[in-house]
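A short worksheet on the structure shown next.
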Amino acid sequence: MRVLVIEDSDRLRDAVTTGLRKSGYAVDAAADGPTGMWHAQSNEYDVIVLDLMLPGLDGLTLLQQLRKSGRNTHVLVLTARYTVDDRVRGLRMGADDYLVKPFAFDELSARIEALVRRRHGMKNPRIEVGGLVLDTTARTVMANGQPVELSPREYALLDYLVARLGTVVSRTEIEAHIYDDRVGPMSNVVDAAVYALRRKIDPPGGPSYIQTRRGMGYVLLKPGAAK
Amino acid sequence: MRPVASIRRRLVAPLLAGMLAVSCATVGFVYWYLREEIVEQYDLALLSKARALTGVVGSDSNGNPTFLLPVEAMPEYHRQPRDTDYFQIWRPDGSVLARSPSLGAGDLPGIEAASYASEYGFIDARLPGGRMGRAAWLHLHPSANAAASPPNPTKSPAERDMLVAVATSGEEFDETIGHLVFALVTASVTMSAGTLLVVLAAVNRGLRPLREVAETAGRIDAGSLDYRFEIMSLPAELRPIADRLNTLLGRLEEAFQRERRFTANVAHELRTPIAELRASAEVAMKWSDDHALTIKGLRDSLAVAGRMEAVVESLLSLVRGESNRATAKAESVDLAQAASDAWRPYAGIAAKRRLKVRFEIPCKTRILADRTLLGSLVSNLASNAVAYSPEGGQVVLRCGRERGRSMFVIENSNIDLTQADLPQLTEPFWRKDASRTDATHVGLGLAIAQTYAIAMDASLRFALQNECFSASVTFPHHPLCDSDMTDL
Chain A
1 MRVLVIEDSD RLRDAVTTGL RKSGYAVDAA ADGPTGMWHA QSNEYDVIVL DLMLPGLDGL
61 TLLQQLRKSG RNTHVLVLTA RYTVDDRVRG LRMGADDYLV KPFAFDELSA RIEALVRRRH
121 GMKNPRIEVG GLVLDTTART VMANGQPVEL SPREYALLDY LVARLGTVVS RTEIEAHIYD
181 DRVGPMSNVV DAAVYALRRK IDPPGGPSYI QTRRGMGYVL LKPGAAK
Chain B
1001 MRPVASIRRR LVAPLLAGML AVSCATVGFV YWYLREEIVE QYDLALLSKA RALTGVVGSD
1061 SNGNPTFLLP VEAMPEYHRQ PRDTDYFQIW RPDGSVLARS PSLGAGDLPG IEAASYASEY
1121 GFIDARLPGG RMGRAAWLHL HPSANAAASP PNPTKSPAER DMLVAVATSG EEFDETIGHL
1181 VFALVTASVT MSAGTLLVVL AAVNRGLRPL REVAETAGRI DAGSLDYRFE IMSLPAELRP
1241 IADRLNTLLG RLEEAFQRER RFTANVAHEL RTPIAELRAS AEVAMKWSDD HALTIKGLRD
1301 SLAVAGRMEA VVESLLSLVR GESNRATAKA ESVDLAQAAS DAWRPYAGIA AKRRLKVRFE
1361 IPCKTRILAD RTLLGSLVSN LASNAVAYSP EGGQVVLRCG RERGRSMFVI ENSNIDLTQA
1421 DLPQLTEPFW RKDASRTDAT HVGLGLAIAQ TYAIAMDASL RFALQNECFS ASVTFPHHPL
1481 CDSDMTDL
C-alpha cells in the first residue's frame, strides 16, 4: 500500500516515513504544502498523512483543494492543533481521520491500516482466502495452516492483491501501490515479487492463489473460483 | 441587599401617581369652580325674585307699607312637590308684612340676623319641613320701591328699611350638582384608566431600545465577540453606552484572539518536539535490530531534548523577567560596553550571514539600569536582528536621548514584517511564519525583551519603515545620569 506523508518537521517526517516503510508501506514524503499537493495529485495513494501547519500552503487549504479537484484519497490529519473546534473543522473539511501530536506510532499505524481497509471495502482485519489467512493487524500470514514468513514488500504485495480479491490488477497498479518514489520500478521486479510470493503461499501441488492474466496483470482468486 | 426597583417601575409609579394627582386636582378645581358658578346663578335668580317682590310692595294712604298683590295670585309660592319657593317681607319695625303660603305660619329663619351687615345677601336656610334651602334677601326703603342703603342701627324703627327675603328648597340645585359630580367622577375614572394605559404603553415603547440592547448583550458569548452595536440606530441616551460596549467587545475579542493564538502556538511549540521525540524513540525501539536506525533515533532524541531545553529556558527567562521587577537594581552602566558584550555571541553569525553591522554608541555613554537585565535585553534584541535580517542586510546599534530620556535602538533590515504584525511581536510564541517550520526559534525573544524592559521601568517600542525594523528601549529619566548622548 502506498502512503504520502506531508510534514514539515524533518525529524518527525523521517521517523514516520521510516516506521511506515519498515511496516511494509511504500511511502513518499513532502516537507511543504506545494510539494505535497503535487505528489497527491500526481500519484494514487491509499492514505495521505497530512500536517496542518505547513509552509507554502497550509494543510487545510491543501485538503480543500484536493477534495475540490475530485480526489477521494483517504486523509489522516496529524497535527498539534488539539481543540474540539480544530478537530471538527478538519473533519468537516474532508479529513477522514484526525490524530493529535504527540501520538503513539502504533496508533498511527493502526489508523492508516483502518483507512486502507476502508478504501478497499474491507471491514475485517482478518481475511481468509481458502487456506490463506491474512491478519492485517498483526501483519501475519498463514498458508494451509502454517505461518509464512514474508518480507515487507511481499506482504505489501499480498495485502494489495487480497484487497483487490477477484480483480485483475495490472503491473502498473502494483508498482504504484507497492513501490514509492525512491525506487525506479521495472516490470520484472513485480514479476519477481509475484514469483517469490507464490513459492511461499501456494499449496504444494495445488493451483496457485495468484493467477496470471497475460497482457493484463495478476488476480488473486479463491480456490475453485472461475478463471 | 434590597433589590433595586426596575426602570419601568421607577417610571410608571411616579408618572401614574403624578398624573392621577394632577387629574384629581383638576377635577376638584373644576368641581369647585362649576359649583360656585351654579350657586351664583341660583343666588342671582333668587335675588331677581326678591327684587320682583319689591315691585308689589307699596304704601297705603297713611304711608304704611302694604303688599299690593294677593298671595293667592302667586302660585309659585305655594307648596310644590319640588323646588318650592318661599318669601317673607318684614316691615321696618320687624313685623311681617307678607309671607308666602308655602311658609304657612312660620318664618324664614336666620334672615334678620344675617341681613344686618349689607344691602343684600344670601344664606343657607332651614326651610319648613326641615329641608335645607337657599335664601336671598335685600333691604327695601318703605318710601320707594328701590333697594335701600344698608341698615343703620342708629336709625329709629321708622327709618329702618323693609326686608324682603326669598328662599327655595333647591331640589333642582341638588340635582344639578349631582349631575356635575357624576360627570366629573366618570371623567375622572375614565381619565385614570386612560392615563394608566397610556403611561404603560409609553413606558414600554420608550424602554424598548434599552430592552433590545439588553437582550442583544445577553446573547453575546465567546463565539460572537465580533458583534458590534449599531450606534446610529439607538436613541441618543443609549449611544454612549453602546459605544463603550463596542469598545469593550473589541478589547475582549482581541484578548480572546490573542489567547487562541497563544494556545495554538504553545501547543505547536511544545507538542511538536514531544511528537518528534516519541516517534523517533518508538520507531528505533520497534526495529531495534536495525543498528543505524537505533543510532539515528538516539541522535534525534538528543537533538529534540536540546531544543526542548532551549524552550524551557526561554520560558523560565520570561517568568523570571516578570518577577524581576521587584529585584531590579539601577546602577550606572556603560551602555557601549554592555551592548558590545551582548553583541559578541552574535558577531560570528552576523559575519556568516554577511550582515553589515554598525555601532553608533558614543564612548562614555552611561545609563542607569540593571546590568544583568540590560545585557539580556540587548542580547534578545540582537538575536532577533541577526536571525531575521535577510542575508547581506544591515544591523545598526545606537543610542541617544529622547525628551531627556536615554534610549537604545537596534535596527535591522526586514522584508517579512508588516505594520499589522507590530502589535503582536511581544506575544509569547508569536512568529511570522505560521507553519513554525524553523525549529531554531520559538518566538519568545521579544516577549522576554519586553518583560526585561518593564522590569527596569523602561519602554520597548517597535517601528517599521522602508524595510527597516527598529526596536527602541527608552530608559526612565534620572537626574544623576552621567551621559553625553545626543538627541535622536
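Keeping their order, the protein sequence lines are chains A and B. Residue numbering for the first sequence follows the numbering used here, starting at 1 and increasing by one per position. Residue numbering for the second sequence follows the numbering used here, starting at 1001 and increasing by one per position. We treat Cβ as the ideally placed atom computed from N, Cα and C, and that holds for glycine.
| said: Can you check which of these residues, A/Arg139, A/Val5 and A/Thr79, is closest to A/Val49 by C-alpha distance? | reply: Residue nearest to A/Val49 within the set A/Arg139, A/Val5 and A/Thr79 is A/Val5 (criterion: CA-CA distance).
| Can you list the residues of chain A that B/Thr1437 reaches, using a CB-CB cut of under 7 Å? | Contact of B/Thr1437 with chain A by beta-carbon distance below 7 Å involves Asp8 and Pro55.
| field | Residue-chain proximity (B/Ser1280, chain A), Cβ-Cβ < 8 Å | value | Interface residue, yes.
| query | Should A/Tyr82 be flagged as near chain B, meaning a C-beta pair shorter than 8 Å? | reply | Closer than 8 Å: yes.
| said: Once the 5 residues before and after B/Asn1145 are set aside, which same chain residues still bring their CB inside 8 Å of it? | reply: Because the pLDDT at B/Asn1145 is just 45, under 50, the model does not fix this residue reliably, and the point stays unresolved.
| request: With 8 Å as the threshold, decide whether the Cβ of B/Val1312 is near any Cβ in chain A. | output: Interface criterion not met: the Cβ of B/Val1312 is under 8 Å from no Cβ in chain A.
| field | Status (buried if at least 16 other CB within 10 Å, exposed otherwise) for B/Cys1399 | value | B/Cys1399 comes out buried.
| task | Tell whether a beta-carbon distance below 8 Å holds between B/Val1166 and B/Ala1073. | result | In this structure, the beta-carbon distance from B/Val1166 to B/Ala1073 does not fall below 8 Å.
| Shorter than 8 Å from the beta carbon of A/Thr140 to some beta carbon of chain B? | No, A/Thr140 does not count as interfacial toward chain B.
| Just reading off the alpha helix (DSSP H) that B/Tyr1120 is part of, what are its end residues? | Not the alpha helix (DSSP H): B/Tyr1120 falls in the beta strand (DSSP E), residues Tyr1120 to Arg1126.
| B/Ala1158 - DSSP class collapsed to helix/strand/coil | Because B/Ala1158 carries a pLDDT of 48, less than 50, the predicted location of this residue cannot be relied on, and the following value inherits that uncertainty. Here B/Ala1158 sits in coil by DSSP.
| Within 10 angstroms of its Cβ, does A/Gln146 collect 16 or more other Cβ (buried), or is it exposed? | By the neighbour-count rule (16 or more Cβ atoms within 10 Å), A/Gln146 is not buried but exposed.
| said: Beta-carbon within less than 6 Å of B/Gly1445's beta-carbon, same chain only, minus the 5 sequence neighbours each way: which residues are those? | reply: Leaving aside the five residues that flank B/Gly1445 on each side, the residues in its chain whose CB is nearer than 6 Å to its CB run, in chain order, Asn1380, Ser1383 and Asn1384.
| query | Thinking C-beta only, is A/Leu161 closer than 8 Å to A/Leu220? | reply | Taking C-beta atoms as the reference points, A/Leu220 and A/Leu161 count as a pair closer than 8 Å.
| query | Which two residues bound the contiguous beta strand (DSSP E) that contains A/Pro102? | reply | For A/Pro102, there is no enclosing beta strand (DSSP E), as DSSP gives it neither H nor E.
| task | Taking A/Gly24 as the reference, give the member of A/Val116, A/Leu76 and A/Asn43 with the closest Cα. | result | Ranked by Cα distance from A/Gly24, the first of A/Val116, A/Leu76 and A/Asn43 is A/Val116.
| Can you name, in chain order, every residue of its own chain whose Cβ lies under 6 Å from the Cβ of B/Phe1408, other than the five neighbours on each side? | These residues qualify, in order along the chain: Cys1399 and Val1473.
| query | Going by beta carbon distance, what residues of the same chain come within less than 6 Å of B/Gly1443, once the five residues before and after it are set aside? | reply | Once the five neighbours on either side are set aside, the close Cβ partners of B/Gly1443 are Phe1429, Trp1430 and Arg1431.
| task | Return no unless some Cβ of chain A is closer than 8 Å to the Cβ of B/Glu1276. | result | Cβ-Cβ to chain A under 8 Å: yes for B/Glu1276.
| said: Quick check on A/Thr137: does DSSP put it in helix, strand or coil? | reply: Coil at A/Thr137, not helix or strand.
| Going along the segment 16-50 of chain A in order, which residues come within less than 7 Å of chain B, judged by CB to CB distance? | Residues of the segment 16-50 of chain A with a C-beta atom less than 7 Å from some C-beta of chain B are Val16, Thr18, Gly19 and Lys22, listed in chain order.
| query | Where does B/Gln1450 fall in DSSP's three states? | reply | Here B/Gln1450 carries a helix assignment [DSSP, helix/strand/coil].
| Hey, does A/Asp58 have any beta-carbon neighbour from chain B nearer than 8 Å? | Nearest CB-CB separation between A/Asp58 and chain B: below the 8 Å threshold.
| field | Cutoff 8 Å: A/Pro102 Cβ touching any chain B Cβ | value | So, interface residue.
| message | Comparing C-alpha positions only, which one of A/Pro223, A/Asp32 and A/Thr212 sits nearest to A/Arg171? | response | Of the candidates A/Pro223, A/Asp32 and A/Thr212, A/Thr212 places its Cα closest to the Cα of A/Arg171.
| task | State yes or no: is the C-beta of B/Val1304 within less than 8 Å of the C-beta of B/Glu1269? | result | Taking 8 Å as the Cβ cut-off, B/Val1304 and B/Glu1269 do not qualify as a contacting pair.
| Quick one: complete beta strand (DSSP E) runs, 3+ long, within the segment 113-184 of chain A? | As for any beta strand (DSSP E) of minimum length 3 sitting wholly inside the segment 113-184 of chain A, the runs are 126-129, 132-135, 140-143 and 146-148, ordered along the chain.
| task | Give the interface partners of B/Thr1440 over in chain A, defined as CB-CB distance under 7 Å, in chain order. | result | Near B/Thr1440 there are no residues of chain A at all, since even the closest Cβ is about 12 Å away, more than 7 Å.
| query | Roughly how many angstroms lie between the CA atoms of A/Ala193 and A/Gly19, to the nearest whole one? | reply | A/Ala193 and A/Gly19 have their C-alpha atoms spaced approximately 22 Å apart.
| Within chain B, partners of A/Leu4 - CB distance below 7 Å | Within chain B, not a single residue places a beta-carbon under 7 Å from that of A/Leu4; the smallest gap is close to 17 Å.
| message | Helix, strand or coil for B/Met1510? Go by DSSP, reduced to three states. | response | No answer is possible for residue 1510 of chain B: it lies beyond the span of chain B, which begins at 1001 and ends at 1488.
| query | How should B/Asn1265 be labelled, buried or exposed, when 16 other C-beta atoms within 10 angstroms of its C-beta is the threshold for buried? | reply | So B/Asn1265 counts as buried.
| query | Can you name the start and end residues of the beta strand (DSSP E) that B/Ser1332 belongs to? | reply | For B/Ser1332, the enclosing beta strand (DSSP E) begins and ends at Glu1331 to Asp1334.
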